[in-house]
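Number of protein chains: 2
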Amino acid sequence: MQYGLRYAIAKFAHQVPNMSIVTTSKDDARCHHDQQISCANCRLATICLPIALESTDIERLDDIIQRGRPLHKGEHVFRNGDPFSAVYAVRSGTLKAYSLTDDGREQVTGFYFPGEIFGMDGIGNNQHVSSAKALETSAICEIPFERLGDLSTRIPSLQRHFFQLMSQEITQDQQLITQLSKNSAEQRIAALLLSISARNTRRQLSATRFRLPMSRTDIGNYLGLTVETVSRVFSRFQKLGMLGVDGKEITINDPAQLRKISTGQDTTG
Amino acid sequence: MQYGLRYAIAKFAHQVPNMSIVTTSKDDARCHHDQQISCANCRLATICLPIALESTDIERLDDIIQRGRPLHKGEHVFRNGDPFSAVYAVRSGTLKAYSLTDDGREQVTGFYFPGEIFGMDGIGNNQHVSSAKALETSAICEIPFERLGDLSTRIPSLQRHFFQLMSQEITQDQQLITQLSKNSAEQRIAALLLSISARNTRRQLSATRFRLPMSRTDIGNYLGLTVETVSRVFSRFQKLGMLGVDGKEITINDPAQLRKISTGQDTTG
DNA sequence: CGGCCGGCTTGACCCACGTCAATACGCGGC
DNA sequence: GCCGCGTATTGACGTGGGTCAAGCCGGCCG
Chain E
46 MQYGLRYAIA KFAHQVPNMS IVTTSKDDAR CHHDQQISCA NCRLATICLP IALESTDIER
106 LDDIIQRGRP LHKGEHVFRN GDPFSAVYAV RSGTLKAYSL TDDGREQVTG FYFPGEIFGM
166 DGIGNNQHVS SAKALETSAI CEIPFERLGD LSTRIPSLQR HFFQLMSQEI TQDQQLITQL
226 SKNSAEQRIA ALLLSISARN TRRQLSATRF RLPMSRTDIG NYLGLTVETV SRVFSRFQKL
286 GMLGVDGKEI TINDPAQLRK ISTGQDTTG
Chain U
46 MQYGLRYAIA KFAHQVPNMS IVTTSKDDAR CHHDQQISCA NCRLATICLP IALESTDIER
106 LDDIIQRGRP LHKGEHVFRN GDPFSAVYAV RSGTLKAYSL TDDGREQVTG FYFPGEIFGM
166 DGIGNNQHVS SAKALETSAI CEIPFERLGD LSTRIPSLQR HFFQLMSQEI TQDQQLITQL
226 SKNSAEQRIA ALLLSISARN TRRQLSATRF RLPMSRTDIG NYLGLTVETV SRVFSRFQKL
286 GMLGVDGKEI TINDPAQLRK ISTGQDTTG
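So the protein sequences, as listed, match chains E and U.
In this text, residue positions in the first sequence follow the numbering used here: the first is 46, and each later residue adds one.
In this text, residue positions in the second sequence follow the numbering used here: the first is 46, and each later residue adds one.
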């Protein structure tokens with residue numbers, strides 16, 4: 046009940062991080078107030094906080110960010126209807142955001158990787174209109190919004206940064222809208238794989254080999270497709286040689302071809 | 046070239062207005078700096094600016110908002126790629142936002158009615174990632190973002206208001222995503238009609254009789270459907286008696302039934 | 001080690017919606 | 001009033017991906 050929790054193992058972090066950092070371990074969980082982990086030395090900060098802040102400003106930011114223990118797979122950060130009090134940054138692991146339709150079905154609205162920020166949907170009416178849960182063991186930073194607002198009035202670049210974050214979320218949503226309304230199953234899946242690949246690159250991970258943290262069902266749900274279709278497209282891509290698929294382990298053999306497909310410039314019948 | 050224009054006939058305005066106000070007339074167009082139209086006396090302000098501001102604060106806001114002449118049907122406010130410098134509020138008329146896919150097709154991402162704010166997509170990377178054009182003769186208010194940011198640091202409630210606006214845009218986009226990925230043509234169209242009806246209500250216009258400002262093509266594009274499907278659904282709804290359709294003039298005869306359809310609770314075969 | 005359960009794959013079938021095409025409507029211009 | 005063109009309607013037909021129904025694989029627990 047209540048919120049999910051406020052499990053922030055470390056400090057700030059945001060839109061696509063730098064490095065996967067140590068995976069959430071017990072050691073991290075022990076971190077406390079005086080720990081070495083802070084925005085100032087977080088390796089995700091270059092992505093999460095790409096703004097020039099005075100070190101005193103970073104300290105102020107550090108002060109408001111909450112820590113906590115790691116989330117286990119399936120645990121919620123917040124649920125639809127919870128009062129809104131904070132936005133969150135992924136430090137490690139992966140989360141998904143989703144909402145429920147009136148008839149109770151789930152709609153996945155996004156996947157969040159280390160360095161990315163989520164939970165901004167709740168600002169509008171002071172309560173979350175979606176839920177967020179961990180797809181695997183994850184660690185997050187909680188950024189209380191009220192205090193962030195206060196801080197923003199004193200640090201204009203921080204305010205601008207948050208406007209940018211929200212604007213990016215809007216842009217992403219609109220890209221998904223275009224996908225859903227115009228593109229075929231193959232195009233959507235190619236685009237998602239490329240998106241994950243790009244986000245890995247920014248975290249300095251491999252762009253061509255990675256493990257999908259989400260299930261086929263989640264992928265289908267996110268892209269407006271059924272599990273069966275997702276599975277079939279994966280098989281087709283593999284058969285064509287552009288993709289290696291071994292369960293959740295993905296190898297992109299032919300990024301160029303994948304890009305062609307995603308943009309509809311594919312010539313291969 | 047350049048921006049579209051910066052045609053703001055009046056002052057502020059935002060998320061769904063209060064009243065349709067005088068339609069854009071030559072008289073409005075003559076309004077100048079010292080004119081009676083300001084945020085303080087704009088009838089849309091209760092919707093556009095639902096925050097308590099000191100009158101001195103309203104004056105400051107007034108000072109930064111640009112005026113201009115009305116836009117004609119088809120004119121752009123901004124285009125994809127234009128540098129971002131302002132957000133806009135609809136004062137009268139209707140506009141659509143859209144982007145182009147890589148292969149040049151249009152994707153309508155939203156319709157904007159009097160009192161609603163648009164153009165926030167550009168904040169993220171300082172340039173617009175969509176275009177906005179007038180569907181009919183319209184008047185808008187331009188709110189230079191840089192100065193708005195400065196002002197927000199001095200008026201915290203204004204900052205919060207803009208965070209809320211952007212959050213609402215995110216929520217709306219996510220609702221559309223759900224529509225596109227889960228709902229049938231009939232459900233999507235029923236939902237759009239109800240949305241327009243609700244927005245009319247907030248402007249104190251009729252909830253059951255109105256003129257659609259956009260073409261069937263735009264509706265289809267927005268909802269991820271073809272013109273033909275839109276037309277067929279309209280005909281079907283009319284045949285079933287729940288809707289009166291006369292070109293762009295719409296009469297909702299059975300809102301309850303429409304609501305049932307939009308939420309998938311329809312029983313009628 | 002074996003059995004169970006949840007997630008994934010594959011096949012056969014079907015239907016909502018897209019495509020193509022013909023026709024009708026409505027509005028502005030002359 | 002008539003012409004012309006863009007927008008809307010309607011019909012006939014095809015298909016991408018949904019639905020239903022079997023398997024299958026792999027991890028976990030006893």
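Beta carbons are placed, not taken as given, at the ideal position from N, Cα and C, and that holds for glycine.
Can you pull the DSSP bridge partners for lysine 141 of chain E? Note: lysine 141 of chain E sits in a beta bridge opposite E:Phe156 and E:Lys178.
What is the DSSP secondary structure of arginine 304 of chain E, reduced to helix, strand or coil? Note: arginine 304 of chain E maps to helix in three-state DSSP.
heavy atom of the ligand FMN below 7 Å from valine 135 of chain E C-beta: Only the bare structure without any ligand can be found here, which leaves the ligand FMN out of the picture.
Going by the beta-carbon positions, is the gap between alanine 252 of chain U and isoleucine 306 of chain U smaller than 8 Å? Their beta carbons are not under 8 Å apart, which means alanine 252 of chain U does not touch isoleucine 306 of chain U by this criterion.
Quick check: what's the CA-CA separation for glutamate 181 of chain E versus phenylalanine 208 of chain E? Cα to Cα, glutamate 181 of chain E sits roughly 29 Å from phenylalanine 208 of chain E.
Residues bridged to glutamine 172 of chain E by DSSP? The beta-bridge partner set that DSSP reports for glutamine 172 of chain E consists of E:Pro128.
Using the Cα positions of isoleucine 241 of chain E and tyrosine 143 of chain U, report the straight-line distance between them to the nearest angstrom. Distance between the alpha carbons of isoleucine 241 of chain E and tyrosine 143 of chain U is about 25 Å.
By how many angstroms is the C-alpha of glutamine 172 of chain E removed from the C-alpha of leucine 203 of chain U? Approximately 19 Å, taken between the alpha carbons.
Could you tell me if alanine 97 of chain E is buried or exposed, where buried requires 16 or more neighbouring beta carbons within 10 angstroms of its beta carbon? By the 10 Å Cβ count, alanine 97 of chain E comes out exposed.
Hey, does phenylalanine 57 of chain E have any beta-carbon neighbour from chain U nearer than 8 Å? With a pLDDT of only 38 at phenylalanine 57 of chain E, under the threshold of 50, the placement of this residue in the model should not be trusted; the figure read from the coordinates follows. Not one chain U Cβ lies under 8 Å of phenylalanine 57 of chain E.
Tell me cysteine 186 of chain E's beta-bridge partners as DSSP assigns them. Cysteine 186 of chain E is bridged to E:Ala134.
Would you tell me roughly how many angstroms separate the C-alpha atoms of threonine 262 of chain E and serine 276 of chain E, rounded to the nearest one? Roughly 9 Å separates the two Cα atoms.
Spatial distance of aspartate 299 of chain U from phenylalanine 279 of chain U (CA atoms): Going by the C-alpha atoms only, they are around 14 Å apart.
Give the interface partners of leucine 225 of chain U over in chain E, defined as CB-CB distance under 8 Å, in chain order. What leucine 225 of chain U touches in chain E: Ile222, Leu225, Ser226 and Gly269.
Thinking C-beta only, is isoleucine 109 of chain E closer than 8 Å to arginine 192 of chain E? For arginine 192 of chain E and isoleucine 109 of chain E, yes; Cβs fall inside 8 Å.
What residue range is occupied by the uninterrupted beta strand (DSSP E) comprising aspartate 108 of chain U? Not the beta strand (DSSP E): aspartate 108 of chain U falls in the alpha helix (DSSP H), residues 100-109.
Anyone know if the C-beta pair for arginine 21 of chain E and glutamate 294 of chain E falls short of 8 Å? No information on residue 21 of chain E is available, as it lies outside the stretch 46 to 314 that chain E covers here.
When the Cα atoms are used, what is the spatial distance from phenylalanine 129 of chain E to histidine 121 of chain E? Linking phenylalanine 129 of chain E to histidine 121 of chain E through their CA atoms gives a straight-line distance of about 14 Å.
Endpoints, alpha helix (DSSP H) assigned at aspartate 218 of chain U: That run of the alpha helix (DSSP H) goes 201-227.
Assigned secondary structure, aspartate 291 of chain E (DSSP; H/G/I helix, E/B strand, else coil): Taken through DSSP and simplified to helix, strand or coil, aspartate 291 of chain E comes out as strand.
Roughly how many angstroms lie between the CA atoms of threonine 216 of chain U and valine 153 of chain E, to the nearest whole one? Computed Cα separation, rounded: 13 Å.
At which residues does the beta strand (DSSP E) containing arginine 256 of chain E begin and terminate? Unbroken beta strand (DSSP E) run through arginine 256 of chain E: 254-256.
What separation, rounded to the nearest whole angstrom, lies between the Cα atoms of proline 258 of chain U and tyrosine 157 of chain E? Straight-line Cα distance between these residues: approximately 38 Å.
Under 7 Å from the C-beta of glutamate 214 of chain U: neighbouring residues of chain E: Correct list: Ile215.
Same chain, Cβ closer than 6 Å to alanine 230 of chain U, five either side skipped, listed in chain order: Contacts found: Leu270, Thr274 and Val278.
Do leucine 225 of chain E and serine 226 of chain U have their C-beta atoms within less than 8 Å of each other? With contacts defined by Cβ atoms closer than 8 Å, leucine 225 of chain E and serine 226 of chain U form a contacting pair.
Below-8 Å beta-carbon distance, serine 144 of chain U vs any chain E residue: Closer than 8 Å to some Cβ of chain E, the Cβ of serine 144 of chain U qualifies, so yes.
Should serine 197 of chain E go down as buried or exposed, given a rule of 16 or more other Cβ atoms within 10 Å for buried? Of the residues assessed, serine 197 of chain E falls on the buried side of the cut-off, its CB having 16 or more other CB atoms within 10 angstroms.
Proximal residues of chain U, C-beta to C-beta of arginine 205 of chain E below 9 Å: Around arginine 205 of chain E, the beta-carbon contacts reaching into chain U at under 9 Å are Ile168 and Gly194.
Taking Cβ-Cβ distances shorter than 8 Å, what residues in chain U pair up with aspartate 148 of chain E? Per Cβ cutoff of 8 Å: Thr308, Gly309 and Gln310.
Boundaries of the beta strand (DSSP E) in which histidine 121 of chain U is found, first to last residue: For histidine 121 of chain U, the enclosing beta strand (DSSP E) covers residues 121-123.
Report the partner residues of glutamate 273 of chain U according to the DSSP bridge assignment. Listed as beta-bridge partners of glutamate 273 of chain U by DSSP are no residues whatsoever.
Between valine 174 of chain E and chain U, is the shortest Cβ-Cβ distance under 8 Å, so that the two count as touching? Taking Cβ atoms only, chain U reaches closer than 8 Å to valine 174 of chain E, which makes this a yes.
Chain-ordered neighbours of threonine 154 of chain E on chain U, where CB pairs are closer than 7 Å: Those within 7 Å of threonine 154 of chain E in chain U are Gln219 and Ile222.
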